[in-house]
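J.: Residue numbers (the numbering used here): 2 to 122.
Don't be surprised by glycine CBs; every beta carbon is placed ideally from N, CA and C.
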């Protein structure tokens, strides 16, 4: 298995490419019978993982850049969500109701860090 994180999308996609051998399809000779793989891959990546300026994305507050990652970008397959203060009652109620999901995500983050050594260039 391999772990990817949405807040580490670029690195996750790089790892998926390496793990599943997608890079091989990208380096095929133009005359190869499956040279369309390169085009299909590029279209898929553009459609689902295209970065876009979150402030330019309709409906997102320019003042808060809501829904953006640290770089100010959102991916095409993401949605904006309001930010909650971690000290608020709402945050605590949601965290309690989802405590097992939070533990699982922390484990996924740990695995992502550990798996990183296998993908070092």
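1) At the level of alpha carbons, what is the spacing between residue 115 and residue 89?
2) How about residue 14 and residue 113: are their beta carbons less than 7 Å apart?
3) Could you check what DSSP says for residue 3 in three-state terms: helix, strand or coil?
4) Given residue 4, which residues of its chain have a CB within under 7 Å of its CB, disregarding the five upstream and five downstream residues?
5) Would you grab the beta carbon distance between residue 103 and residue 94 for me? Rounded to a whole angstrom, and I think it's under 8 Å.
6) Of the choices 11, 19 and 8, whose alpha-carbon is the least far from that of residue 2?
T.: So, from the listed chains and residues:
1) 32 Å
2) no
3) coil
4) 109, 112, 113 and 116
5) Actually they do not touch by this definition, with Cβ atoms about 13 Å apart.
6) 19
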